[in-house]
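Here is the structure we will look at, set down as structure tokens.
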Amino acid sequence: MSDQDRKKDDPCPCGSGMTLKNGKCVMPDVTFTSFFMALNSSVLYHLGELADPQTGARQKDMMLAKHTIDTMVMLQAKTRGNLSREEVELVETSLYDLKMRYVKARA
Numbered sequence: 094m095s096d097q098d099r100k101k102d103d104p105c106p107c108g109s110g111m112t113l114k115n116g117k118c119v120m121p122d123v124t125f126t127s128f129f130m131a132l133n134s135s136v137l138y139h140l141g142e143l144a145d146p147q148t149g150a151r152q153k154d155m156m157l158a159k160h161t162i163d164t165m166v167m168l169q170a171k172t173r174g175n176l177s178r179e180e181v182e183l184v185e186t187s188l189y190d191l192k193m194r195y196v197k198a199r200a
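Structure, rendered in structure tokens:
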């Protein structure tokens with residue numbers, strides 16, 4: 094299938110999570126949710142729960158996991174009163190889950 098045959102928001106052929114717009118692969122729009130979920134994935138990676146996509150190796154870095162959780166807590170405080178109900182639920186449930194995973198990984 095050529096680039097001209099693809100629809101506007103088709104996935105990029107490279108499989109990177111980007112979308113095809115005007116015949117070019119572009120990154121998705123940055124939203125609070127996508128940014129927060131990227132931080133969430135970073136914590137899971139540093140807890141050793143997600144493998145490195147290139148090597149498949151799992152590594153633990155508890156200091157970076159804690160730092161990223163602390164960053165997310167700071168974002169929670171700084172955005173208080175400015176998020177939608179769905180965003181507040183995402184922040185609260187994500188942080189609770191990550192903190193529990195962190196405690197479990199420390200044990």
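Just so you know, we're using the working numbering here: the sequence shown kicks off at 94 and counts up by one.
Heads up, the beta-carbon is just placed ideally off N, CA and C, and yes, glycines get one too.
With contacts defined by Cβ atoms closer than 8 Å, residue 153 and residue 141 form a contacting pair. Residue range 178-199 is occupied by the alpha helix (DSSP H) that includes residue 181. Counting along the chain, residue 159 sits inside the alpha helix (DSSP H) bounded by residues 155-172. The criterion of a C-beta distance shorter than 8 Å is not satisfied by residue 129 and residue 191. The beta carbons of residue 139 and residue 164 sit about 12 Å from each other, so the pair does not count as a contact at 8 Å. Distance from the CA of residue 147 to the CA of residue 169, rounded to the nearest whole angstrom, comes to 31 Å. Minimum Cα-Cα distance from residue 198 among the listed residues 136, 149, 179 corresponds to 136. The closest CA to that of residue 180, considering only 126, 196, 116, is found on 126.
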